[in-house]
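Residue numbers (our numbering), protein chains in the order written: chain P, 287 to 575; chain U, 950 to 1342. The structure appears right after this line, and notes come after that.
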């Protein structure tokens, strides 16, 4: 405990305050801007004193609200649509990545086959390739060979391919920790290999699946580069839509910030739900520890 | 007759009997005889179990015992179907089963480390196998409650394994095997993680189970006390080889070799090197600091020996305190180094001819260490082993 008291140095607190400002500052700025009218945003007076309004949010969600907001002359459906697109793309790619990833990880950990070590290593090597390098070939192949440009299938496939190596790598470390006796006990109890996997191994590595799900979801949710290149106006995800709304004629900061705030909500909910599954000591009581 | 009566009285007190009777009534009489036919196991180049034959009679409690790494667990795992055979066959009666998956062998197994499913509660753990067999739910419930009742874990059914103590977990692991109505039960050192008192209690319960349950039971342990108390038949293994198999009494009274003699019995047998001479018609084994008379019946065996150098084996309990001065031919003089007082008896660690000799003495009060004492040994209590091969003569 004494070491804690020794750290009572003003510089220490200043550093912490600076770090908090750096991480919270942009969010506060975004929140306050999203609650202001454009006149308040553009005025020279302090941006901390304003009349909060929900108008920007109404504008963003105009086509999904049950009423028509008075101030909206033309309802632009692209923001609400892109939120939906983002959800679909992120969820579908997460589910596929997890299903394929956990099976691949299990095979890499438990089965002995030729090239096992190499495959295990190369899953990580794949992570070292920057997405920008993939962009041109993927764009070419997707557009000219398979006609997948502008479709959810195309972007989901890319996200699955991008996230799979890391998910396999994370899940491998979880599966290694599952005592082999558990699987043997299940085998003795009459479980087929698939039953062993789904009824015993998967429930035990639930924390790993949750961690991998959060990771995959966030990557798919935030990704801009490939989404920008591969998606069209109907399938665009939120990051692309926001950037595209920054035109040289008009930048509607209030609406953009409101979209940004809405963009942050699903990952927060998702992370909250998934992290409830991350409990330590999942294998407690399984075997003598 | 009286024995019968006693048995019934016990049954009325001990709930274990009810449930075991229940289990018995559920199971058929199709308990197979298990045969290992030229079974061997190698990991790559390394042969851990050279080819061996073994027959386990139906309904027998067989204990595989031996030091760590002797191959006993591997043998059990091959029987369970968790390890492949490198050669040979395992047969249940005349049916070859070594190519079958574990689930098709009608075997239940209790693991050393319990191996309970951590995400399921106790009831789910115990009913997992039955669920996979698609047994109707009411029947599963009845069976699980039955077994939980006898094992004294019925109040734990809704708990998770992580909330249980080691002893309770071990019971659950046993219960999980018992709810299945298998013909063969395998135990892989099930008691080795329990504390001494609990181990003794569980041992008694297992012994009860053995007496009442007509099932094949194969039990692996490194603890010879468990082997002696539980086994109908004990198979002693060392270095991948079966040293001897037989009833506990056979192994104790007529061990095949020095290893078995030293392994079975507690405290373990003393081995003393000696040279055999014949003096005035008597066979005398002479060693450093002692000379002991041998059983005259051994003369015929000794005459066939090329070398008169042998190893004598004397059980610690065969020493008797003697009033002599240690010069007699049935006496040995020992200096006590440590005296381990156990209550009804003491185990004396004594020194003779530069090696430790254990002596078990019945005495109500502790015996002080450091003193020289004379013990007598009856000629018929002395076993003789070949000095080189360790084979009993």
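For glycine and all other residues, C-beta sits at the position ideal for the given N, C-alpha and C. No experiment lies behind these values; they were computed from the predicted model shown.
Which first and last residues belong to the beta strand (DSSP E) in which residue 1182 (chain U) is found?
Counted from its first residue, the second chain places residue 1182 (chain U) at position 233. Here the beta strand (DSSP E) through residue 1182 (chain U) covers 1182 to 1187.
In the DSSP output, what is residue 1222 (chain U) paired with across the bridge?
Within the second chain, the letter at position 273 stands for residue 1222 (chain U). U:1260.
Measure from the C-beta of residue 1248 (chain U) to each C-beta in chain P and report whether the shortest distance is under 8 Å.
Indexing the second chain from 1 puts residue 1248 (chain U) at position 299. Closer than 8 Å: no.
Please report how far the alpha carbon of residue 984 (chain U) lies from the alpha carbon of residue 1133 (chain U), in whole angstroms.
The residue given as residue 984 (chain U) occupies position 35 in the second chain. The residue given as residue 1133 (chain U) occupies position 184 in the second chain. If I take the Cα positions, the gap works out to 13 Å.
So, is the C-beta of residue 1067 (chain U) closer than 8 Å to a C-beta in chain P?
Walking along the second chain from the start, residue 1067 (chain U) turns up at place 118. Cβ-Cβ to chain P under 8 Å: yes for residue 1067 (chain U).
List, in chain order, every chain C residue whose beta-carbon is nearer than 7 Å to that of residue 486 (chain P).
The structure shown has no chain C; the protein chains it does contain are P and U.
Taking the alpha-carbon positions, what's the residue 1145 (chain U) to residue 1288 (chain U) distance?
Sequence index remark: in the second chain, residue 1145 (chain U) carries index 196 (1-based). Sequence index remark: in the second chain, residue 1288 (chain U) carries index 339 (1-based). Those two C-alpha atoms are separated by around 22 Å.
Could you give the distance in angstroms between the alpha-carbon of residue 1209 (chain U) and the alpha-carbon of residue 1174 (chain U)?
Locating residue 1209 (chain U) in the second chain gives position 260, counting from the first residue. Locating residue 1174 (chain U) in the second chain gives position 225, counting from the first residue. Answer to the nearest angstrom: the Cα atoms are 13 Å apart.
With a threshold of 8 Å, are at least 3 pairs of Cβ atoms found where one atom belongs to the region 342 to 356 of chain P and the other to the region 531 to 543 of chain P?
yes
For residue 473 (chain P), which residues in chain U fall below 8 Å Cβ to Cβ?
Translated into the one-based positions of the first chain, residue 473 (chain P) becomes position 187. Within 8 Å Cβ-Cβ: 1030, 1031, 1050, 1051 and 1052.
Validate contact between the region 1319 to 1337 of chain U and the region 1254 to 1263 of chain U using beta carbons, cut 8 Å, 3 pairs
yes
Since residue 368 (chain P) and residue 504 (chain P) should fall inside the 8 Å C-beta cutoff, what is the C-beta to C-beta distance between them, to a whole number of angstroms?
Within the first chain, residue 368 (chain P) is the residue found at index 82, counting from 1. Within the first chain, residue 504 (chain P) is the residue found at index 218, counting from 1. Residue 368 (chain P) to residue 504 (chain P), Cβ: 17 Å. No contact.
Quick check on residue 1030 (chain U): buried or exposed, where buried means 16 or more other Cβ atoms within 10 Å of its Cβ?
Residue numbering aside, residue 1030 (chain U) sits at position 81 when the second chain is read from its first letter. It is buried - the Cβ of residue 1030 (chain U) has at least 16 other Cβ atoms within 10 Å.
Measuring only between beta-carbons, confirm whether residue 496 (chain P) sits less than 8 Å from chain U.
If you number the first chain from 1, residue 496 (chain P) lands on position 210. Judged by the 8 Å Cβ criterion, residue 496 (chain P) is not in contact with chain U.
Chain P residues whose Cβ lies nearer than 7 Å to that of residue 1058 (chain U):
Residue mapping note: residue 1058 (chain U) aligns to position 109 of the second chain, counting from 1. Ordered by position in chain P, the residues that pass the 7 Å Cβ test against residue 1058 (chain U) are 474.
Counting only the same chain and skipping the five closest in sequence on each side, list residues whose C-beta sits under 6 Å from that of residue 576 (chain P).
Here chain P comprises residues numbered 287 to 575, so residue 576 (chain P) is not present and cannot be evaluated.
Cα-Cα, which of U:1263, U:980 and U:1015 is closest to residue 1305 (chain U)?
The residue given as residue 1305 (chain U) occupies position 356 in the second chain. Nearest C-alpha to residue 1305 (chain U): U:1263.
Segment contact, 8 Å Cβ cut-off, at least three pairs: the region 470 to 488 of chain P with the region 1060 to 1075 of chain U
yes
Nearest to residue 1246 (chain U) (by Cα), restricted to the options U:1047, U:1342 and U:1099:
Taking the second chain and counting its residues from 1, one reaches residue 1246 (chain U) at position 297. Answer by Cα proximity: U:1342.
Report the neighbours of residue 1025 (chain U) on chain P: residues whose CB is nearer than 8 Å to its CB, in chain order.
Indexing the second chain from 1 puts residue 1025 (chain U) at position 76. Those within 8 Å of residue 1025 (chain U) in chain P number zero; the least Cβ separation is about 11 Å.
So, is residue 544 (chain P) buried or exposed, given that buried needs 16 or more other C-beta atoms within 10 angstroms?
Working through the first chain from its first residue, we reach residue 544 (chain P) at position 258. Classification for residue 544 (chain P): buried.
Can you give me, in chain order, the residues of the region 1078 to 1090 of chain U that have a beta carbon less than 8 Å from any beta carbon in chain P?
1078, 1081 and 1082
Closer than 7 Å at the beta carbon, the chain U residues around residue 431 (chain P)
Your numbering for residue 431 (chain P) matches position 145 in the first chain. The premise fails here: residue 431 (chain P) is roughly 44 Å from chain U at the closest Cβ pair, so nothing lies under 7 Å.
Nearest-angstrom Cα separation, counted from residue 1163 (chain U) out to residue 1010 (chain U):
By one-based count along the second chain, residue 1010 (chain U) stands at place 61. By one-based count along the second chain, residue 1163 (chain U) stands at place 214. Each residue's Cα considered, the two are about 9 Å apart.
Is DSSP giving residue 469 (chain P) helix, strand or coil here?
What you label residue 469 (chain P) is simply residue 183 of the first chain in a count that begins at 1. Residue state, collapsed to three classes: helix.
Residue 502 (chain P) burial status per 10 Å Cβ neighbour count (16 or more: buried)
Locating residue 502 (chain P) in the first chain gives position 216, where the first residue counts as 1. Per the 10 Å Cβ criterion, buried.
Contact the region 408 to 428 of chain P vs the region 556 to 565 of chain P: 3+ CB pairs below 8 Å
no
According to the neighbour-count rule (16 or more other Cβ atoms, all chains shown, within 10 Å of its Cβ), is residue 1192 (chain U) buried or exposed?
Start at 1 with the first residue of the second chain, and residue 1192 (chain U) comes out as number 243. Its Cβ being crowded by 16 or more others within 10 Å, residue 1192 (chain U) is buried.
Using a Cβ-Cβ distance cut-off of 8 Å, determine whether residue 1151 (chain U) contacts chain P.
Counting from 1 along the second chain, the entry for residue 1151 (chain U) is found at position 202. False, the Cβ-Cβ gap to chain P never drops below 8 Å.
Would you identify the three-state DSSP class for residue 999 (chain U), choosing helix, strand or coil?
To locate residue 999 (chain U), count along the second chain from 1; it is residue 50. Residue state, collapsed to three classes: strand.
Quick check on residue 451 (chain P): buried or exposed, where buried means 16 or more other Cβ atoms within 10 Å of its Cβ?
Locating residue 451 (chain P) in the first chain gives position 165, counting from the first residue. The residue is buried, with at least 16 neighbouring Cβ atoms inside 10 Å.
Pick out the complete alpha helix (DSSP H) segments inside the region 451 to 514 of chain P, 4 residues or longer, and give them in chain order.
466 to 474 and 492 to 508
Sequence-distant residues of its chain with Cβ nearer than 6 Å to residue 1042 (chain U) (five each side left out):
To locate residue 1042 (chain U), count along the second chain from 1; it is residue 93. Excluding residues within five positions, the ones whose Cβ falls inside 6 Å are 981 and 982.
So, does the CB of residue 1144 (chain U) fall closer than 8 Å to a CB anywhere in chain P?
Counting from one through the second chain, the residue named residue 1144 (chain U) turns up at place 195. For residue 1144 (chain U), the answer is no, since every Cβ of chain P falls outside 8 Å of its Cβ.
For residue 1280 (chain U), name the three-state secondary structure that DSSP assigns.
Mapped onto the second chain, residue 1280 (chain U) falls at position 331. Strand at residue 1280 (chain U).
Measuring straight from C-alpha to C-alpha, what distance separates residue 1294 (chain U) and residue 1340 (chain U)?
Your numbering for residue 1294 (chain U) matches position 345 in the second chain. Your numbering for residue 1340 (chain U) matches position 391 in the second chain. Distance between the alpha carbons of residue 1294 (chain U) and residue 1340 (chain U) is about 31 Å.
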